[in-house]
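**Student:** Residue numbers (this note's numbering): 1 to 361. Each residue gets a CB set at the ideal place from its N, CA and C atoms; glycine is no exception. No experiment lies behind these values; they were computed from the predicted model shown. Sharing a structure, written as structure tokens. Questions coming.
Spelled out as structure tokens, the structure:
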């Protein structure tokens, strides 16, 4: 049994305990007036609502923890002795990722460390105090890496163009280098299932390729391993979780909020599909895990040129209702008919198509 499998089993055992806690909260919330002290009707209703909300949160929390643990197991994302650098931007995704990984660290049968890193890109109006205050209050080991990539992006990107691509490259380079400085063995990013699907459709519609975001990736220079533990998690669940936890969300005003982005259009499309067909996104993600190269058209992935039947020449002599033409001498030598009868096909009176299949020299 691998370390990742052991981690997942341990998480499932922990969730059983969580179910007991959740059940106790529900029983308490639904207890009758006679079992309570002198509460008013308004207080009863408030306690009832709190109990329902608490139960819903426990269920959602359990779901997300399972999905993250499954992704870690399936792709062997975290191993014993790893130092996981969680890139935290201040958005709902990275907050959720950090919160769940810290929980897994506490219950995991393997030893790994979690450190949060924020890249302060010196964007205008960025609230620099929010993340340090939150991370310090929670007792989370963290670094704030200050690099003015915003000015660089503004200087190299033409007016009217989006900043996301240039910003992403600069951010990636800074984080790669910093990971080596602090001895991080894994870089954890907050991309979720819907991000992966959106990237797939962006490449499909605009890049002419079937390509998405892999849950685990070795950097081009082979110096860093990127992991995406939220790969199985739906964005709508992250939104609910972040609301429950009341993370101090910092909106992105540099690239993510630009309404003319192609990615924003793809995200709108995915949300419409999810609202109309709730299981569609899950099915599409499953397709990314069930690729059949022989059913596509990429000659690099499948050898189409060498495809041939495995029928021998002797087998072909006896195929179909009619013996093939062009081998009469060989048929005569073995005592078989040499003039096969050909049926005339008349669509008015017959639905049977002639089966003769001549061999052409």
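1. For residue 71, which of 275, 289 and 298 has the nearest alpha-carbon?
2. Would you report the Cα separation of residue 309 and residue 69, rounded to the nearest angstrom?
3. Whole angstroms is fine: what's the gap from residue 307's alpha carbon to residue 181's?
4. Alpha carbon to alpha carbon, what distance is there between residue 245 and residue 369?
5. Which residue comes first and which comes last in the alpha helix (DSSP H) that contains residue 275?
6. Between which two residues does the beta strand (DSSP E) carrying residue 87 extend?
7. For residue 207, does the count of other Cβ atoms within 10 angstroms reach 16, so buried, or fall short, so exposed?
8. Could you spell out where the beta strand (DSSP E) holding residue 118 opens and where it closes?
9. Mapping DSSP to helix, strand and coil, what is residue 134?
10. Can you confirm whether the stretch 99-111 touches the stretch 264-282 when touching is taken to mean that 3 or more C-beta pairs between the two stretches lie within less than 8 angstroms?
11. So what's residue 308 in DSSP terms, helix, strand or just coil?
12. If residue 86 sits next to residue 130, beta carbons under 8 angstroms apart, how far is it from one beta carbon to the other, in whole angstroms?
13. Which runs of the alpha helix (DSSP H), 4 residues or longer, sit entirely within the stretch 125-172?
14. Determine the DSSP secondary structure at residue 297, reduced to helix, strand or coil.
15. Should the stretch 159-171 be called in touch with the stretch 133-143, which here means at least 3 C-beta pairs below 8 angstroms?
16. Less than 8 angstroms separating the beta-carbons of residue 121 and residue 92?
17. Can you tell me the Cβ-Cβ gap for residue 184 and residue 84, rounded? I've got them flagged as a contact below 8 angstroms.
**Tutor:** The short version:
1. Translated into the one-based positions of the chain shown, residue 71 becomes position 71. The option with the nearest alpha carbon to residue 71 is 289.
2. Here residue 309 corresponds to residue number 309 of the chain shown, with the count starting at 1. Here residue 69 corresponds to residue number 69 of the chain shown, with the count starting at 1. Looking at the two C-alpha atoms, the distance is approximately 45 angstroms.
3. Residue mapping note: residue 307 aligns to position 307 of the chain shown, counting from 1. Residue mapping note: residue 181 aligns to position 181 of the chain shown, counting from 1. Going from the Cα of residue 307 to the Cα of residue 181 covers about 51 angstroms.
4. There is simply no residue 369 to check, as the chain begins at 1 and stops at 361 in what is shown.
5. Stepping through the chain shown from its first residue, residue 275 is reached at position 275. Its alpha helix (DSSP H) spans residues 262-276.
6. For the purposes of this step, residue 87 is taken as residue 87 along the chain shown, with counting starting at 1. Note, residue 87: beta strand (DSSP E), 83-87.
7. Position 207 of the chain shown, counted from the start, is the residue given in the question as residue 207. With fewer than 16 other Cβ atoms within 10 Å, it is exposed.
8. Taking the chain shown and counting its residues from 1, one reaches residue 118 at position 118. Element bounds for residue 118: 113-120.
9. The residue given as residue 134 occupies position 134 in the chain shown. DSSP places residue 134 in helix when its eight states are reduced to three.
10. no
11. Locating residue 308 in the chain shown gives position 308, where the first residue counts as 1. It is coil, neither helix nor strand.
12. Taking the first residue of the chain shown as position 1, residue 86 is located at position 86. Taking the first residue of the chain shown as position 1, residue 130 is located at position 130. Actually they are not in contact, since the Cβ atoms of residue 86 and residue 130 sit about 16 angstroms apart, beyond 8 angstroms.
13. 130-138 and 149-156
14. Position 297 of the chain shown, counted from the start, is the residue given in the question as residue 297. The answer is coil: DSSP assigns residue 297 none of H, G, I, E or B.
15. no
16. Indexing the chain shown from 1 puts residue 121 at position 121. Indexing the chain shown from 1 puts residue 92 at position 92. No, Cβ-Cβ distance for residue 121 and residue 92 is not below 8 angstroms.
17. Taking the first residue of the chain shown as 1, we reach residue 184 at position 184. Taking the first residue of the chain shown as 1, we reach residue 84 at position 84. Sure, about 7 angstroms apart at Cβ, within 8 angstroms.
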